[in-house]
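Everything below concerns the one structure shown next.
Spelled out as structure tokens, the structure:
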């Protein structure tokens, strides 16, 4: 008979210490926090204008919050029978904790609820970690967009186009 090591904290105790996560709509009151995350997360972040234009256009812009901590967010645009993911970000200090999966699940649920058949996105060709997350979530690579993203020193970077059948 072998003995298993025991932990002083059971999984149920650990979950009781963690704040409950919730979604809320992006508002102008939270925009400065989102912009601060964008600046830390990306070499070419979205601008205030990008976010305010998305909000004014009625795009779906959701924040994932735990207490007053911004865990991440997404911005998506509804089409006829598809949704295009424009921005998805997990706050750097909360990365590698499963929050991207939570954001993608919420996006898929919202999309299905609006009758979408497909989710589409572009991701930098160099962002292998994000591509892996999307593939694990069921997205498939369907093409490329040459010179799609701005890059350093005035250069452009290709994008991988991915889709998920809903």
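Residue numbers (full-length UniProt numbering): 1 to 166.
Note that beta-carbon positions come from the ideal geometry of N, C-alpha and C, so glycine has one too.
Check	Outcome
Going by C-alpha to C-alpha distance, which of 139, 21, 83 sits closest to residue 115?	83
Return the chain-ordered list of same chain residues with a C-beta closer than 8 Å to the C-beta of residue 106, the five sequence neighbours on each side being excluded.	23, 62, 64, 74
Rounding to the nearest angstrom, what Cα-Cα distance links residue 54 and residue 85 in this structure?	12 Å
Which one of 164, 57, 35 has the shortest CA to CA distance from residue 112?	164
Should residue 159 go down as buried or exposed, given a rule of 16 or more other Cβ atoms within 10 Å for buried?	buried
Can you name the start and end residues of the alpha helix (DSSP H) that residue 109 belongs to?	99–113
Rounded to whole angstroms, what's the CA-CA distance from residue 110 to residue 138? Just pull it up for me.	16 Å
Which residue marks the beginning of the beta strand (DSSP E) containing residue 23, and which one marks its end?	21–25
Excluding the five sequence neighbours on either side, which residues of its own chain have a C-beta within less than 8 Å of the C-beta of residue 125, listed in chain order?	144, 157, 158, 159, 160
Leaving out five residues before and five after residue 12 in sequence, what residues of the same chain have Cβ atoms less than 6 Å from its Cβ?	Below a pLDDT of 50, predicted positions are generally treated as unreliable, and residue 12, at 44, falls in that range; the measurement from the model is reported next regardless. Result list for residue 12: empty, nothing under 6 Å.
Considering only the beta carbon of each residue, do residue 123 and residue 162 sit closer than 9 Å?	yes
Between residue 91 and residue 69, is the Cβ-Cβ spacing less than 9 Å?	yes
Residue 99 and residue 72 look like a contact to me (Cβ under 8 Å); what is the Cβ gap, rounded to whole Å?	5 Å
Quick one: give me the first and last residue of the alpha helix (DSSP H) that residue 51 is part of.	48–56
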